[in-house]
Structure formats: C-alpha cells, structure tokens
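**Q** A single structure is presented below for examination.
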Amino acid sequence: GDSVTQTEGLVTLTEGLPVMLNCTYQTIYSNPFLFWYVQHLNESPRLLLKSFTDNKRTEHQGFHATLHKSSSSFHLQKSSAQLSDSALYYCALTITGNTGKLIFGLGTTLQVQP
Amino acid sequence: EAAVTQSPRNKVTVTGGNVTLSCRQTNSHNYMYWYRQDTGHGLRLIHYSYGAGNLQIGDVPDGYKATRTTQEDFFLLLELASPSQTSLYFCASSDAGNTEVFFGKGTRLTVV
Numbered sequence: 002g003d004s005v006t007q008t009e010g011l012v013t014l015t016e017g018l019p020v021m022l023n024c025t026y027q028t029i030y031s032n033p034f035l036f037w038y039v040q041h042l043n044e045s046p047r048l049l050l051k052s053f054t055d056n057k058r059t060e061h062q063g064f065h066a067t068l069h070k071s072s073s074s075f076h077l078q079k080s081s082a083q084l085s086d087s088a089l090y091y092c093a094l095t096i097t098g099n100t101g102k103l104i105f106g107l108g109t110t111l112q113v114q115p
Numbered sequence: 513e514a515a516v517t518q519s520p521r522n523k524v525t526v527t528g529g530n531v532t533l534s535c536r537q538t539n540s541h542n543y544m545y546w547y548r549q550d551t552g553h554g555l556r557l558i559h560y561s562y563g564a565g566n567l568q569i570g571d572v573p574d575g576y577k578a579t580r581t582t583q584e585d586f587f588l589l590l591e592l593a594s595p596s597q598t599s600l601y602f603c604a605s606s607d608a609g610n611t612e613v614f615f616g617k618g619t620r621l622t623v624v
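If you want it as structure tokens, here you go:
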C-alpha cells in the first residue's frame with residue numbers, strides 16, 4: 002500500500018547550519034500530492050509546504066522542497082536553521098482523485114541548539 | 513483560518529468505559545478526519561469522512577467507531593475503552609482530498 006518514510010527520528014544541529022529532513026514515499030499512483038506539516042511543542046500540526054508538480058521547487062517561510070517522482074522523494078531543506086525551527090516535522094502523502102486519505106510518515110524531530 | 517473545535521480537551525476514563533470525542537468545523541469542509549498521535553508512531557488515521565453520513569475506515573480503526581452527523585460534526589466513539597487507547601486525538605478537516613488539512617487543538621484521553 003501507500004506509505005511515507007522519514008528515516009530520521011531526531012535531527013540535532015547548531016543554529017545557522019543547513020537543514021535537510023528526508024522524505025521518501027511509495028505509491029502505485031502516478032499523481033501523488035506531497036506535504037510537509039510542522040508541529041511545535043504543545044501545538045497542532047499545520048501545513049508548511051505542499052507540491053504535486055514534478056521537479057518544481059516550492060518554498061515557504063524559508064523552507065523549500067522539490068518533488069522528485071523519479072526517486073519518490075520530497076526532502077525538506079533550509080539554508081540556515083533558527084532556534085524557532087525546533088519542532089516535529091511530518092511528511093505526508095495523498096493521491097489525486099482518492100477519497101481524501103492522507104498518509105503521514107512517523108515524523109522527524111528537529112532540535113536546533115545555540 | 514479554518515476553525516476545527518474539539519471537545520473535551522482532556523478526558524480521563526476507566527477501562528471498559530464509554531467515551532465520545534466531538535469535533536466541529538465551521539468552514540464547510542467536505543473531509544473530516546480522526547487521528548491519534550503517539551510517540552514513535554506519528555499520526556495514525558483512525559476514521560475519516562467525505563460528507564455527512566459517509567464513513568471511511570482508516571489505518572487503525574479497531575476499537576473505534578465514528579459518525580458524521582452533519583457537514584460540520586464528526587464524532588469518535590470508544591465503546592469499551594482500553595489503556596492502549598490512551599493517546600492524543602486530533603480531529604482535522606479539509607476542503608478536498610488533496611488540499612490543506614486543518615487540525616483542531618487535540619483531545620488528550622487517558623484510560624486508567
């Protein structure tokens with residue numbers, strides 16, 4: 002079945018360093034929609050980025066990601082981490098034309114240290 | 513900003529007890545979802561619906577029932593609560609199956 006894999010459970014890095022959180026997905030359908038959601042401590046998840054266009058970079062709030070259908074990937078990147086980026090990040094997948102089922106990865110906790 | 517309101521925000525119940533979690537969205541979204549969030553398991557889909565009277569089974573439905581009574585209201589029912597159902601439950605809604613999902617603030621359920 003459809004699935005999302007986030008290989009890192011915890012990423013710890015120093016403020017100012019680049020961020021890269023990995024996301025790969027598996028689906029038999031050719032038109033996936035990919036999302037990144039961010040959840041800060043004691044808050045609800047909220048949308049950070051979304052894409053359905055192959056090889057097109059999408060950006061929001063300093064983060065960016067590019068959907069690569071050839072490698073089934075949608076990695077999240079940022080050039081310089083800030084302390085306020087510390088949060089839980091979820092990659093998620095849905096399929097065009099389905100009945101709305103959104104599949105989440107297990108999440109990656111990003112800890113940014115001074 | 514889409515509004516998704518969950519009640520109660522916190523609930524403690526005993527093993528074998530009945531619990532109903534309520535969710536209301538006020539943005540005329542078609543899709544509504546119930547997720548549970550547990551450390552190490554991420555967000556897992558319990559049930560979802562794409563309209564009043566519709567119900568779709570998610571990935572972890574065992575022990576849960578759901579009912580979508582109106583466009584706005586989606587309920588999650590635990591008829592024989594077990595300690596394994598202790599979790600943080602999120603309700604969410606979206607306009608379509610591939611658009612942004614808006615989450616409520618969550619209900620923390622403890623089954624003792």
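For the record, the sequence lines run as chains F and W.
The first sequence begins at 2 in this note's numbering and counts up by one.
The second sequence begins at 513 in this note's numbering and counts up by one.
By construction, the Cβ of each residue, glycine as well, lies at the ideal position given by its N, Cα and C atoms.
In this text, all values refer to a predicted model and were calculated from it rather than measured experimentally.
Identify each residue in the stretch 600 to 617 of chain W for which the Cβ-Cβ distance to at least one residue of chain F is less than 9 Å, and report them in chain order.
**A** Residues passing the 9 Å Cβ filter: Phe602, Ala604, Ser606, Ala608, Gly609, Asn610, Thr611, Glu612, Val613, Phe614, Phe615, Gly616 and Lys617.
**Q** Assuming Thr581/W and Ala608/W make a contact with CB atoms under 8 Å, what is their CB distance in whole Å?
**A** About 21 Å separates the two Cβ atoms, so there is no contact after all.
**Q** Quick one: using the 10 Å Cβ neighbour count with 16 as the cut-off for buried, is Met21/F buried or exposed?
**A** Classification of Met21/F: exposed, given that the 10 Å Cβ count is below 16.
**Q** Given 8 Å as the limit, is there contact between the stretch 75 to 95 of chain F and the stretch 34 to 53 of chain F, that is, 3 or more CB pairs closer than that?
**A** Verdict: yes, contact present.
**Q** When DSSP labels each residue in this structure, what does Pro46/F get in the three-state scheme?
**A** In this structure, Pro46/F counts as coil in the three-state DSSP scheme.
**Q** Across which residues does DSSP place Ala66/F in a beta bridge pair?
**A** According to DSSP, which records beta bridges pairwise, Ala66/F is partnered with Thr59/F and Leu77/F.
**Q** From Ala593/W to Ser534/W, what distance separates their C-alpha atoms?
**A** Looking at the two C-alpha atoms, the distance is approximately 16 Å.
**Q** With DSSP collapsed to three states, give me the class of Asp86/F.
**A** In the structure shown, Asp86/F sits in a helix (DSSP, three-state: H, G or I).
**Q** Which value, in whole angstroms, describes the spacing of the CA atoms of Ser561/W and Val524/W?
**A** Cα to Cα, the separation comes out at about 26 Å.
**Q** So Gln78/F and His65/F are in contact, right, with Cβ under 8 Å, and what is the actual spacing, rounded?
**A** Indeed they touch by this definition, with Cβ atoms about 6 Å apart.
**Q** Are the beta-carbon atoms of His541/W and Ser599/W separated by less than 7 Å?
**A** No, they are not a contact pair.
**Q** Mind checking Thr54/F: buried by the 16 CB within 10 Å criterion, or exposed?
**A** Per the 10 Å Cβ criterion, exposed.
**Q** Could you tell me the alpha carbon to alpha carbon distance between Ile569/W and His61/F, rounded to whole angstroms?
**A** When rounded, the distance between both Cα atoms is 33 Å.
**Q** Note the first and the last residue of the continuous beta strand (DSSP E) segment covering Ile558/W.
**A** Here the beta strand (DSSP E) through Ile558/W covers Gly554 to Ser561.
**Q** Any beta carbon from chain F within less than 7 Å of Gly563/W's own beta carbon?
**A** It does not; no Cβ of chain F falls within 7 Å.
**Q** Please name the residue in Trp546/W, Phe615/W and Thr619/W whose C-alpha comes closest to that of Val516/W.
**A** It is Phe615/W.
**Q** When the Cα of Lys57/F is compared with those of Gly63/F, Leu68/F and Arg47/F, which residue comes out closest?
**A** Residue Leu68/F is the option with its Cα nearest to Lys57/F.
**Q** Taking Phe34/F as part of the beta strand (DSSP E), name the residues at either end of that continuous run.
**A** Start and end: Pro33 to Gln40.
**Q** Would you give the residue range spanned by the beta strand (DSSP E) that Ser540/W belongs to?
**A** That residue, Ser540/W, is in no beta strand (DSSP E); it is neither H nor E in DSSP.
**Q** Could you work out which residues of chain F lie near Tyr576/W, taking near to mean beta carbons separated by less than 7 Å?
**A** The premise fails here: Tyr576/W is roughly 16 Å from chain F at the closest Cβ pair, so nothing lies under 7 Å.
**Q** Identify the residues that DSSP records as bridge partners of Val20/F: which are they?
**A** DSSP output for Val20/F lists Lys79/F as bridge partner(s).
**Q** State the Cα-Cα distance for the pair Asn610/W and Thr13/F, rounded to the nearest angstrom.
**A** Between Asn610/W and Thr13/F, the C-alpha separation is close to 31 Å.
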